[in-house]
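So the protein lines, in turn, are chains A and B. For the first sequence, our numbering begins at 27 and goes up steadily by one. For the second sequence, our numbering begins at 157 and goes up steadily by one. Think of the CB as a built atom: it goes at the ideal place given N, C-alpha and C, for glycine as much as any other residue.
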Amino acid sequence: MALLEISGLDVHIGSADVCQRLELQVNAGERWAILGRNGAGKTTLLHTLAGLRRPDSGTLRLDGAALDALPRRRIAQQVGVLLQDHLDAFPASVMETVLIGRHPYLGALQWEGPDDYARARAALHAVGLDGLEDRNVATLSGGERRRLGIATLLTQDPALWLLDEPTNHLDVHQQIRILDLLQARSQAQHKTLLLVMHDLNLALRYCDRFLLLFGEGKTAQGSAEEVLTRATLERLYGHPMHTLDGPRGPVWLPG
Amino acid sequence: MSFLKTGSMRPLLLFSGLLALALAGFAWSLASGSLDVGWRGLMDALFTDDAGLHARVILELRWPRAAAAFVTGALLALAGALMQVLLRNPLADPYVLGISGGAATGALLTLLLGLGGLWLHGAAFSGALLSMLIVFGLAHGRGSWTINRLLLTGIVIAAGWGAVIGFLLAISPEQNLRGMLFWLMGDLAYSGTPLAGLVVLLAGLLIALAMGRMLNILAHGELAAATLGVPVAAVRRLIYVLASLLTAAAVTMAGSIGFVGLVVPHMLRLVGVRDHRLLLPAAALLGGSLLLIADTLARTLLAPRQLPVGILTALVGVPVFLLLLYRSRELHGRAG
């Protein structure tokens, strides 16, 4: 059984279609990249898959259960989302922020215990934010805040990770470091990743399946060999594309 | 104040400090007034069966007023903290959505008609509830309930009540104006028994505490909260109703006392209390103590003349808040 089963999915924003009758099976341990130009609806689709937005029609099944019938708390135990931006309306420390990832597992009056703190510290360590536990999140740099968001997701520890441009604000080293970390989790613990990506070459390096949103409801899906051809990518981005031979295979360059 | 430097407050230290402040406030308030009972008289009145004049003044006049001041301040601070999370705006106070305007209109109407006592409280509470329902209904309307829509609806309704209040003041006879102005500025002289307010406060505090962790998460945005399993729409409605009822109870007892609901939560945030499970009960204690101290000053500063306590809350609160704000600049870079 697929972890996430999408059938007959229609999503639109205003009068623009994101996908029509989309059929997609996401199996445990797969790493998907969602590609498309600005405004194609990548984020909207991701929010729909997270149950944050109702599809116009079609069904979403998470581990066999209809997504819209599941309580939010149950969904949060299985699906984690990294949103495009982070919002911190009031002062909070790095430790307090990373601990909110434990919310789906705690009772209403229950406080975070030693196990939750251990997970939080391990997550901060994994993204290289150790030592910043007491810092106010408002004083973090954009890249540090992004890694804190990923650490929060690590403490949530869901089976399905929906990541909206996870490398936003990250420098080259941190991009590789964070994506290496996510890939390692995916391989070691059979975690499933869906990444909205703008960097085609990073997507190619870390993902094994690709979902292309062309706009106007047209989509394509498959492995790199199946869908990442020059003609398809030029249609996807509306821009001429070239390839070079890189150390890990083809490298795509905009013309 | 070494805890300022660490950026995070130890709960035990925080709550023992706040409790000591509250007790000191009560002792001072009960001992102060035109009849000088002294500390000895206060102790005798509280802990012996003495039924003399001192004991009666303290137990029958000063205790209800002190208790009303504390409960009102606690209600306002708690409501303010909840409104700030609901609107995700640190500038929100309990009155921002027009609840006090509705209450004031109800109260002024009864004063204009020459009714008093229970009528005043009943009309103020009804006005507050009416305002709350109007804002809730209009902001909900068709489509989604966004924070800006709620805030704009509340501010416009508050402006509407302001016009009605101005109209009532304009047509009122001279001899009513003074009482009306006191009510508008906030005054505890006619607060009556604080029992109903206390019940609302305790119930509200319990419900708010059970939502505490969700409030922490809501501060990071509604979408993020939803991804972590918070039933956002239901929690938002509950916060709105809760904050409104707390405010309505406070306004009914004492009119529109400003400042407490706005700054008390920030005072605590500035000294490093950020977790709402600690912030909410701490705000109730600090708000209660602050208003109790301010009301005692209002009674005694220009005795026998009594000032509306709303003036004093600002006079006490402004320097305290500015001091904290100034000191917190030293904490830049640390959580605080």
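CA-CA distance, residue i and residue j?
i               : j               : result
R196 of chain B : A230 of chain B : 29 Å
L480 of chain B : L426 of chain B : 7 Å
L532 of chain B : L265 of chain B : There is simply no residue 532 of chain B to check, as chain B begins at 157 and stops at 492 in what is shown.
A66 of chain A  : R244 of chain B : 30 Å
L135 of chain A : L365 of chain B : 8 Å
F329 of chain B : R461 of chain B : It should be pointed out that residue 329 of chain B corresponds to Pro in this sequence rather than to Phe. The straight-line gap from Cα to Cα measures roughly 23 Å.
E170 of chain A : L217 of chain B : 58 Å
W58 of chain A  : L237 of chain A : 7 Å
G264 of chain A : V222 of chain A : 18 Å
L379 of chain B : G243 of chain A : 25 Å
R331 of chain B : L463 of chain B : The question names Arg, but residue 331 of chain B in the sequence shown is Gln. Cα-Cα distance, rounded: 18 Å.
V163 of chain A : A314 of chain B : 34 Å
A177 of chain A : A152 of chain A : 7 Å
A454 of chain B : G473 of chain B : 14 Å
L30 of chain A  : Q46 of chain A  : 18 Å
G489 of chain B : G417 of chain B : Any reading at G489 of chain B must be qualified, since the residue scores a pLDDT of 44, below 50, and its modelled position is unreliable; no value is offered.
S167 of chain A : R79 of chain A  : 30 Å
E191 of chain A : L354 of chain B : 50 Å
A410 of chain B : S347 of chain B : 6 Å
Q209 of chain A : E260 of chain A : 28 Å
A440 of chain B : G175 of chain A : 32 Å
T74 of chain A  : R392 of chain B : 22 Å
R235 of chain A : Q247 of chain A : 7 Å
V37 of chain A  : V312 of chain B : 36 Å
Per DSSP, residue i forms a beta bridge with which residues?
i               : result
N162 of chain A : A:S119
E49 of chain A  : Paired residues: none, contrary to the question.
W5 of chain A   : Examination of residue 5 of chain A is not possible in this model, given that chain A is present from 27 through 281 alone.
T245 of chain A : A:L239
W278 of chain A : A:T269
I39 of chain A  : A:A42
Tell me the DSSP secondary structure of residue i in three-state form.
i               : result
F240 of chain A : strand
T255 of chain A : coil
A459 of chain B : coil
E31 of chain A  : strand
I327 of chain B : helix
A176 of chain B : helix
L170 of chain B : helix
A91 of chain A  : strand
H277 of chain B : helix
L478 of chain B : helix
N194 of chain A : coil
G139 of chain A : coil
L155 of chain A : coil
I204 of chain A : helix
A491 of chain B : In this predicted model, A491 of chain B has a pLDDT of only 42, less than 50, meaning its place in the structure is not dependable enough to derive any value.
I413 of chain B : coil
V254 of chain B : The displayed chain sequence assigns Gly, not Val, to residue 254 of chain B. In the structure shown, G254 of chain B sits in coil (DSSP, three-state: anything other than H, G, I, E or B).
V213 of chain B : helix
L344 of chain B : coil
L468 of chain B : helix
S445 of chain B : helix
P246 of chain B : coil
V407 of chain B : helix
T302 of chain B : coil
Where does the unbroken beta strand (DSSP E) through residue i begin, and where does it stop?
i               : result
T204 of chain B : First-last for T204 of chain B: undefined, no H or E at that position.
A59 of chain A  : 57-62
D271 of chain A : 267-272
R87 of chain A  : 83-88
Can you give me the start and stop residues for the alpha helix (DSSP H) that residue i sits inside?
i               : result
L132 of chain A : Segment: none, L132 of chain A is in no alpha helix (DSSP H) and carries neither H nor E.
F110 of chain B : Outside the displayed range of chain B (157 to 492) lies residue 110 of chain B, so it cannot be described from this structure.
L354 of chain B : 351-366
I176 of chain A : 168-182
N227 of chain A : 226-232
Tell me whether residue i counts as near the ligand SAM, meaning its Cβ is closer than 6 Å to at least one heavy atom of that ligand.
i               : result
G360 of chain B : Inclusion of the ligand SAM in the displayed structure is not the case, the ligand content being empty and no account of it being possible.
| field | Members of the stretch 220-242 of chain A that neighbour chain B once the beta carbon cut-off is set at 7 Å | value | Under the 7 Å Cβ criterion, the stretch 220-242 of chain A contributes no residue.
Q.
Closer than 8 Å between beta carbons: that is the criterion. Which residues of the stretch 295-314 of chain B meet it against chain A?
A. Residues of the stretch 295-314 of chain B with a C-beta atom less than 8 Å from some C-beta of chain A do not occur.
According to a CB-to-CB cut-off of less than 8 Å, which residues of the stretch 119-131 of chain A neighbour chain B?
S119, V120, E122, T123, I126, G127, H129, P130: these are the residues of the stretch 119-131 of chain A whose beta carbon lies less than 8 Å from some beta carbon of chain B, given in chain order.
Contact list for the stretch 361-381 of chain B against chain A, Cβ threshold 7 Å: From the stretch 361-381 of chain B, only A366, R369, N372, I373, A375, H376, G377, L379, A380 have a Cβ closer than 7 Å to chain A.
| Going along the chain, which residues of the stretch 248-272 of chain A sit with their C-beta nearer than 7 Å to a C-beta in chain B? | The stretch 248-272 of chain A vs chain B, Cβ under 7 Å: nothing.
What are the residues of the stretch 422-448 of chain B that lie near chain A, defined by any Cβ-Cβ distance shorter than 7 Å?
-> Per Cβ criterion, the list reads R425, R430, D431.
Against chain B: residues of the stretch 63-90 of chain A by CB proximity under 9 Å: Only those residues of the stretch 63-90 of chain A whose C-beta falls short of 9 Å from the nearest C-beta of chain B are listed: H73, A76, G77, L78.
* **Interface positions of the stretch 131-142 of chain A facing chain B (Cβ-Cβ less than 8 Å), listed along the chain** => Sequence-ordered contacts of the stretch 131-142 of chain A with chain B read L132, A134, L135, W137 [C-beta pairs closer than 8 Å].
Check: According to a CB-to-CB cut-off of less than 9 Å, which residues of the stretch 191-206 of chain A neighbour chain B?
Finding: Residues passing the 9 Å Cβ filter: none.
Item to complete: Determine which residues of the stretch 245-256 of chain B have a Cβ less than 9 Å from any Cβ of chain A, and write them out in chain order.
Response: Against chain A - using a Cβ distance shorter than 9 Å - the residues of the stretch 245-256 of chain B are N245, P246.
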